[in-house]
Amino acid sequence: MSIDDSGADAPDDLEILLVHLADNGYADQVGSWMSPDVTNLPITGKQLLGALTEDALADAASEAGLSVQEYADYLAEELPALVDGLSPHGELPEEEHDADALWAFAGATGGA
Numbered sequence: 059m060s061i062d063d064s065g066a067d068a069p070d071d072l073e074i075l076l077v078h079l080a081d082n083g084y085a086d087q088v089g090s091w092m093s094p095d096v097t098n099l100p101i102t103g104k105q106l107l108g109a110l111t112e113d114a115l116a117d118a119a120s121e122a123g124l125s126v127q128e129y130a131d132y133l134a135e136e137l138p139a140l141v142d143g144l145s146p147h148g149e150l151p152e153e154e155h156d157a158d159a160l161w162a163f164a165g166a167t168g169g170a
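So the sequence shown is numbered by our numbering: it starts at 59 and just counts up by one.
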């Protein structure tokens, strides 16, 4: 899996990331972030690096001035709340304006 800025819509990019995490052993975490009545389960940077690859995070980490591990740790800290906030009714936003928070997050961390 690669994470890039190939022009895909933000909800699609986030959905791809979440499906990838779920398929790689983190379905409970992803499900908790998407469920409005469930406490968000944590994920660690080490777990993210196990599900993704260093290459998938390297560009964003470099742009943020962080090591890949530092970026993975930061992403692990922020991702649960971000997904929770973007899916208050248990679904990701379908409209572009609803995904502005994702792009703001990506820009603030050096991603996309």
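Glycine included, C-beta positions come from ideal geometry on N, C-alpha and C.
For residue i, count neighbouring C-beta atoms within 10 Å of its own C-beta (all shown protein chains included) and say buried if the count is 16 or more, exposed if not.
{"i": "Leu106", "result": "buried"}
{"i": "Ser145", "result": "buried"}
{"i": "Ala85", "result": "exposed"}
{"i": "Val88", "result": "buried"}
{"i": "Pro100", "result": "exposed"}
Nearest to residue i by alpha carbon, out of the options?
{"i": "Val126", "options": "Thr102, Glu73, Ser90, Asp95", "result": "Thr102"}
{"i": "Gly83", "options": "His147, Ser120, Gly108", "result": "Gly108"}
Under 6 Å Cβ to Cβ from residue i, same chain only, skipping five residues before and after it: list those, please.
{"i": "Asn98", "result": "Ser90, Trp91, Pro138, Asp142"}
Output the distance between the C-alpha atoms of residue i and residue j, rounded to the nearest integer angstrom.
{"i": "Leu79", "j": "Glu73", "result": "10 Å"}
{"i": "Ala130", "j": "Glu112", "result": "9 Å"}
{"i": "Asp117", "j": "Pro94", "result": "32 Å"}
{"i": "Gly168", "j": "Asp71", "result": "Model confidence at Gly168 stands at a pLDDT of 46, short of 50, so the residue's coordinates are unreliable; what they give is reported in the following sentence. One C-alpha to the other measures close to 16 Å."}
{"i": "Val77", "j": "Leu110", "result": "12 Å"}
{"i": "Val96", "j": "Asp81", "result": "20 Å"}
{"i": "Thr148", "j": "Lys104", "result": "For the sequence presented, residue 148 should be read as Gly rather than Thr. The straight-line gap from Cα to Cα measures roughly 26 Å."}
{"i": "Leu75", "j": "Ala119", "result": "16 Å"}
Please list, in chain order, all residues of the same chain as residue i whose beta carbon is under 8 Å from its beta carbon, the five residues on each side excluded.
{"i": "Leu115", "result": "Ile61, Leu106, Leu107, Val126, Tyr129, Ala130, Leu133"}
For residue i, which residues in the same chain have their Cβ closer than 7 Å to its Cβ, ignoring the five residues on either side in sequence?
{"i": "Leu150", "result": "Pro69, Leu72, Glu73, Leu144"}
Inset, instruction - Only counting runs of 4 or more residues, tell me where the alpha helix (DSSP H) segments fall wholly within the segment 100-160, in order along the chain. - result: 103-109, 112-122, 126-144
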